[in-house]
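Undergrad: Protein chains in written order, with the working numbering: chain A, 1 to 624; chain B, 625 to 1248. Quick one: this structure, given as structure tokens, is what I'll be asking you about.
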């Protein structure tokens, strides 16, 4: 165990993201509550204040924090939970060998249990409901909601400087997010705050169309590859670059203990697909799945602190044959497992029939539903077909049943969809699911670019995020080909962060443009380091720059390798600006002057006096 | 010179793209005309015919062709040109030292001239007009138009199998492209066929909203980096991966000879920005530019065979001060040079005032206009502003003036534009420029991801391509940071090919989905090699696959590293399909059965008889 924990400590990346530092901002109205953000510092010459950005990286980027993977992160939310007086500590379900894939009781060859995993879990006292939606509907503003409000308000202070522009397709994005706004969004089901009572290490965050668009990163081993150390490392790596939640999709052996290591060290909500582990417990034979085994698995994972469960309860027996017409059939693992079960027994899905019992479990821990789209299209050919929408409307029906018990819900979406069919997915989801947050995978806008599916899907993700999707599930370059490694995880996360940000800009999120403007201003003023530090991936930006101009001087010089020394555009713009200032007159004057031959020689002389020599080129131009 | 040419031969990549071979298809109605395409062969087990794809790679991927960089490519179009009887051979303008950046006459330290560069150029006989638009308006269907018709008809043979779907935003995409349709599109200015009479090596291609969306790749050295060998190599590399045209944006020394090596070896149209070379000729002092020097440069490049010129004639004196309000001013090199000139002399741009004289030169060689957007926005903040649209409407005015002389025109577009402002660009361009082809750079949908601007712009490119842009100018990962190397060029081209293809799918191009369907079917049937070969980048796809499952067996096994051996989705779909078949009844029957407890045990038995064991997982699923 010492062995593995040390391996883990070695594997995890810590330290601040370059050019910035972790800060903790007191929440409006509740100064005791300190909200984590990141502050990017600009060159003094700029005269610009630091730029605050949303930060998902947790203590790992905080120089003040000491990281011990074997101890896990501090239990930030525990005091808030206990103060509510509706929880009880109890003896956890005993961890069984099959939880880790039929390992012997000695766990030989397995992952050592997390050292402090023996602590007692919490759950709702009898008759109580721990879900944030339940509190919200009772008019209670929780610390989680206050935290979210402050966290979402990044840059709002500068709002005065902006004329909001954007097309939000019916969203209701406020100028300023208040705790009461958060409560109202959660109460009506338009946003969720995934927050399992047994994952107190998580920093509260919201998923909803009126908040910043979020990004999920998938990790997880399979019987074929990966190990626990590298999965914990991938989690920390993914949140460093901006993953808002992480799904552990592990299959194979050691699932239970791998998940424990991940959750105890995760400052972001963790999601899972419980049917994967349930299938392992029955040796991979879908027909042998039972409600009892599944329910026991839900308890097991709820006690560990999983914040949301993907449940494929919309894959109903009558819909299964609809997949027979398809080019690529059923491409969801969970969906195919349930389809198999339904056919084998020729019975309706137990996930559908026992849905209200599942909801009882969810509310005892505040696990949120992520209703799975088991029948999503796996190819352009299958997009928006009968099977897909039959399931979607069933998910809408289930959403209302979950809401009837005040349990939080989001809805998973496709898949492979050509651009002209993306909007219909969003519109039908809003209609069928009463604005419950949409959580989409891509969609991939073409099938012909394996190896580049982070891009084929990033195109669709930016669009559906603009239309109203609340969280985008990333796709890595390895999609369809293999398991993502560390580099793939980073590329996937950064690609989806830029897609989510493009969506925030297009929706007219009031704070979104602050960072674009700061970076563009730095570019115009040749502040290379500020350009790097303000970007989503400063390391890659500087590395690319240095491949052509390694010299330190090149980072301060008014010079770049694209134009070369003789060409300039930024500098001329500055001259134009100065000239217009000296003339202090509108362009109409120029129009007049254009006709007035008389004035020309004089104005030409004036311009030359202002100093018109051509400087060296800047970095702000595209080719041509 | 032997030295450099051998260097060039070493640098160039030849040989077929894996899994496919170059074919030459006789054109409908003119069998003598053989149109280059690429045929991807599928595993015999598939029982599928080869998939024909559009091919831009020229003889370099043809096993039958022998490549000699020092000899250049065969003059495919020369017989067609001579047959028209409207050209004359003449003594070319003498190459001056300043053409290569003030090198001494001995060219010491320079690039050796292309060996056969001494051949005589062609131009229109007095009073004649060589432009494809001129022929088209006289009702003449040229071999170039016949070639384009056949080339664009890829996959149309299978059209019967498709119900066309898509939203084309007012485009008029025919079910089948005829030579007459091509003639009509060129005659009305809605498409261009760039084809300088002195670039007979080029294979005819069309740029227009009713044809497949095209992609341009920029290459070119600057005083800071790059050399002629690597630029020719980049050109061949770019077209191998699908670049439809290439722009040589070289600055610094040896411009003339570098361009000659590129053109003589290019099977795709070559574009340039002549003002760059003109500026070199006056030592980089914008104010010293004159009409005479610029006109002489146009002749020089027209004689070499440049197929389209970017001319920033829309940067008028009265518009320059409008850029003063901007965050990032003028980000176009050509635009800033002309702005500088206008301010220094306080005169209207000579490009604008002498536009009709420029057009006289264009029609003598059939050089097409690419009217440059010198005032495009360089940041999200500046998108869709007064300066940008003032220029766009001027480009519309110039389009009509060029058309008055039957000269081909396309219009360059932005730039940096958030998603919600992209559509306005397309609509205003269609309105202002009478449907002349739009040729856009990106647009980049956010400023905050340097190092990933091929993706921030790929998102915008797919959208504006869908709305109607005819050609997308690629952006590489090095944008804003440095000059693209070989790898950057490939990533940029593949990213833009998938964006262009996503646009073709969304527009409802009748042949576009053939390749997606073939690849998805291969995926469903576990034909891994076919998946790789059908993809835009087979090498990367296989390499990614092999990182997790290197074994040869894994390429035939019904197995992949993402699900691992116990999980499956494709296989279950097959079982569902078989079962539905054995039952031979609609899903309504299932709905009934759901209520009918009685039938269930029997149907369950039937399913088990059809063999219901779970196979190993497939490669067609997304995570979850």
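In this text, a Cβ means the ideal position worked out from N, Cα and C, and glycines have one as well.
Measure the CB-CB distance between residue 1017 (chain B) and residue 951 (chain B) and report whether it falls below 8 Å.
TA: The count along the second chain starts at 1 and reaches residue 1017 (chain B) at position 393. The count along the second chain starts at 1 and reaches residue 951 (chain B) at position 327. Contact: no.
Undergrad: I'd like to confirm the pairing. Which residues does DSSP put opposite residue 208 (chain A) in its beta bridges?
TA: Here the question's residue 208 (chain A) lines up with position 208 in the first chain. BP columns for residue 208 (chain A) point to A:191.
Undergrad: Determine the closest residue to residue 1028 (chain B) out of B:875, B:811, B:795, B:959, with distance taken between C-alpha atoms.
TA: Residue mapping note: residue 1028 (chain B) aligns to position 404 of the second chain, counting from 1. The shortest C-alpha separation from residue 1028 (chain B) is found at B:811.
Undergrad: Go through its chain and collect everything with a Cβ distance to residue 281 (chain A)'s Cβ below 6 Å, but skip five positions before and after it.
TA: For the purposes of this step, residue 281 (chain A) is identified with residue 281 of the first chain, where counting begins at 1. Taken in chain order, the residues that qualify are 98, 293.
Undergrad: Spatial neighbours of residue 744 (chain B) within its chain, please: C-beta separation below 8 Å, excluding the five flanking residues on both sides.
TA: Taking the first residue of the second chain as position 1, residue 744 (chain B) is located at position 120. If we look at residue 744 (chain B) and ignore the five residues flanking it on each side, its Cβ neighbours are 713, 714, 715, 716.
Undergrad: Please determine, among B:936, B:697, B:929, the residue with the shortest C-alpha to C-alpha distance to residue 900 (chain B).
TA: Start at 1 with the first residue of the second chain, and residue 900 (chain B) comes out as number 276. Looking at the Cα atoms, B:936 is the closest of the given residues.
Undergrad: Do you know whose CA, among A:172, A:136, A:346, lies nearest residue 625 (chain A)'s CA?
TA: Here chain A has residues from 1 to 624 only, and residue 625 (chain A) is not among them.
Undergrad: Which two residues bound the contiguous beta strand (DSSP E) that contains residue 1110 (chain B)?
TA: Here residue 1110 (chain B) is taken as the residue at index 486 of the second chain, counted from 1. Where residue 1110 (chain B) is concerned, there is no enclosing beta strand (DSSP E), although the alpha helix (DSSP H) it sits in stretches over 1110 to 1131.
Undergrad: Name the residue from B:924, B:1126, B:1109 whose alpha carbon lies nearest to the alpha carbon of residue 719 (chain B).
TA: Start at 1 with the first residue of the second chain, and residue 719 (chain B) comes out as number 95. The shortest Cα separation from residue 719 (chain B) among B:924, B:1126, B:1109 belongs to B:924.
Undergrad: Return the chain-ordered list of same chain residues with a C-beta closer than 7 Å to the C-beta of residue 1122 (chain B), the five sequence neighbours on each side being excluded.
TA: As a first step, residue 1122 (chain B) is located in the second chain; it is residue number 498 there, counting from the start. So the qualifying residues of the chain are 1160.
Undergrad: Just list the residues that DSSP pairs residue 214 (chain A) with in beta bridges.
TA: The residue labelled residue 214 (chain A) in the question sits at position 214 within the first chain. According to DSSP, which records beta bridges pairwise, residue 214 (chain A) is partnered with A:471.
Undergrad: How would you label residue 1102 (chain B), buried or exposed, when you count the other beta carbons within 10 angstroms and need 16 or more for buried?
TA: As a position in the second chain, residue 1102 (chain B) is number 478, starting the count at 1. Per the 10 Å Cβ criterion, buried.
Undergrad: Are any of the Cβ atoms in chain A nearer than 8 Å to that of residue 1165 (chain B)?
TA: Counting from 1 along the second chain, the entry for residue 1165 (chain B) is found at position 541. Cβ-Cβ to chain A under 8 Å: yes for residue 1165 (chain B).
Undergrad: Residue 890 (chain B) touches chain A at which residues, Cβ-Cβ below 7 Å?
TA: Here residue 890 (chain B) refers to the residue found at position 266 when the second chain is read from its first residue. Neighbours of residue 890 (chain B) on chain A: none; closest Cβ ~18 Å, over 7 Å.
Undergrad: Using the Cα positions of residue 234 (chain A) and residue 219 (chain A), report the straight-line distance between them to the nearest angstrom.
TA: Against the first chain, residue 234 (chain A) aligns to sequence position 234. Against the first chain, residue 219 (chain A) aligns to sequence position 219. Using only the alpha carbons, I get a separation of about 7 Å.
Undergrad: When the Cα atoms are used, what is the spatial distance from residue 671 (chain B) to residue 329 (chain A)?
TA: On the second chain, residue 671 (chain B) is found 47 positions in, with the first residue counted as 1. On the first chain, residue 329 (chain A) is found 329 positions in, with the first residue counted as 1. Taking the straight line from one Cα to the other gives about 20 Å.
Undergrad: In chain order, what residues of the segment 516 to 548 of chain A put their CB closer than 7 Å to some CB of chain B?
TA: Result list: 516, 517, 519, 520, 521, 523, 524, 531, 534, 535, 536, 537, 540, 541, 544, 545, 547, 548.
Undergrad: How do the segment 1141 to 1148 of chain B and the segment 418 to 437 of chain A stand: do at least 3 beta-carbon pairs fall below 8 Å, yes or no?
TA: As far as the Cβ criterion goes, the segment 1141 to 1148 of chain B does not touch the segment 418 to 437 of chain A, which means the pair count is below three.
Undergrad: Any beta carbon of chain B sitting closer than 8 Å to that of residue 577 (chain A)?
TA: As a position in the first chain, residue 577 (chain A) is number 577, starting the count at 1. By this cut-off, residue 577 (chain A) is an interface position.
Undergrad: How many angstroms separate the CA atom of residue 15 (chain A) from the CA atom of residue 236 (chain A)?
TA: Position 15 of the first chain, counted from the start, is the residue given in the question as residue 15 (chain A). Position 236 of the first chain, counted from the start, is the residue given in the question as residue 236 (chain A). Approximately 12 Å between the Cα atoms of the pair.
Undergrad: Establish whether the CB of residue 466 (chain A) and some CB of chain B are separated by less than 8 Å.
TA: To locate residue 466 (chain A), count along the first chain from 1; it is residue 466. By this cut-off, residue 466 (chain A) is an interface position.
Undergrad: Please compile the residues from chain D whose C-beta is within a distance smaller than 9 Å of the C-beta of residue 393 (chain A).
TA: Judged by its chain identifiers, the structure shown contains no chain D, and its protein chains are A and B.
Undergrad: Kindly indicate which residue of B:1153, B:933, B:959, B:1109 has the alpha-carbon position closest to the one of residue 945 (chain B).
TA: Position 321 of the second chain, counting from 1, holds the residue named residue 945 (chain B). Comparing Cα-Cα distances from residue 945 (chain B) to each of B:1153, B:933, B:959, B:1109, the minimum goes to B:959.
Undergrad: Using the C-alpha atoms, what's the distance from residue 149 (chain A) back to residue 401 (chain A)?
TA: Mapped onto the first chain, residue 401 (chain A) falls at position 401. Mapped onto the first chain, residue 149 (chain A) falls at position 149. Approximately 28 Å between the Cα atoms of the pair.
Undergrad: Applying a beta-carbon distance threshold of less than 7 Å, which residues of chain B neighbour residue 469 (chain A)?
TA: To locate residue 469 (chain A), count along the first chain from 1; it is residue 469. Result: empty, since nearest Cβ-Cβ is about 13 Å, beyond 7 Å.
Undergrad: Decide yes or no for the touch test of the segment 1008 to 1022 of chain B against the segment 462 to 477 of chain A: beta carbon pairs closer than 8 Å, at least 3 of them.
TA: No: the two stretches stay apart, fewer than three of their Cβ pairs being nearer than 8 Å.
Undergrad: Please compile the residues from chain A whose C-beta is within a distance smaller than 7 Å of the C-beta of residue 951 (chain B).
TA: For the purposes of this step, residue 951 (chain B) is identified with residue 327 of the second chain, where counting begins at 1. Within 7 Å Cβ-Cβ: 517, 520, 521, 524.
Undergrad: Starting from residue 975 (chain B), follow the alpha helix (DSSP H) in both directions and report where the run begins and ends.
TA: Start at 1 with the first residue of the second chain, and residue 975 (chain B) comes out as number 351. Here the alpha helix (DSSP H) through residue 975 (chain B) covers 974 to 977.
Undergrad: Find the nearest neighbour of residue 1126 (chain B) within the set B:1147, B:1083, B:1107, judged by alpha-carbon distance.
TA: For this step, residue 1126 (chain B) is matched to residue 502 along the second chain. Selected option, being the one with the closest Cα: B:1083.
Undergrad: Report the start-end ranges of each alpha helix (DSSP H) in the segment 264 to 334 of chain A that is 4 residues or longer and not cut off at the edges.
TA: Here the runs fully enclosed are 274 to 281, 291 to 304.
Undergrad: Within a Cβ cutoff of 7 Å, which residues of the same chain sit near residue 36 (chain A), ignoring the five residues on either side of it in sequence?
TA: Against the first chain, residue 36 (chain A) aligns to sequence position 36. Excluding positions up to five away in sequence, the list reads 22, 24, 55, 203.
Undergrad: Please report whether the beta-carbon of residue 1082 (chain B) lies at a distance below 8 Å from any beta-carbon of chain A.
TA: Locating residue 1082 (chain B) in the second chain gives position 458, where the first residue counts as 1. Residue 1082 (chain B) counts as touching chain A.
Undergrad: Could you check what DSSP says for residue 642 (chain B) in three-state terms: helix, strand or coil?
TA: Taking the first residue of the second chain as position 1, residue 642 (chain B) is located at position 18. DSSP places residue 642 (chain B) in coil when its eight states are reduced to three.
Undergrad: Sorted by chain position, which residues of the same chain lie with C-beta nearer than 6 Å to residue 53 (chain A)'s C-beta, five sequence neighbours on each side aside?
TA: Locating residue 53 (chain A) in the first chain gives position 53, where the first residue counts as 1. If we look at residue 53 (chain A) and ignore the five residues flanking it on each side, its Cβ neighbours are 38.
Undergrad: Does residue 54 (chain A) come within less than 8 Å of chain B when only Cβ atoms are used?
TA: Taking the first residue of the first chain as position 1, residue 54 (chain A) is located at position 54. No, because no Cβ of chain B sits closer than 8 Å to the Cβ of residue 54 (chain A).
Undergrad: So which residues of chain A does residue 1101 (chain B) contact, with C-beta pairs closer than 9 Å?
TA: Within the second chain, the letter at position 477 stands for residue 1101 (chain B). What residue 1101 (chain B) touches in chain A: 540, 544.
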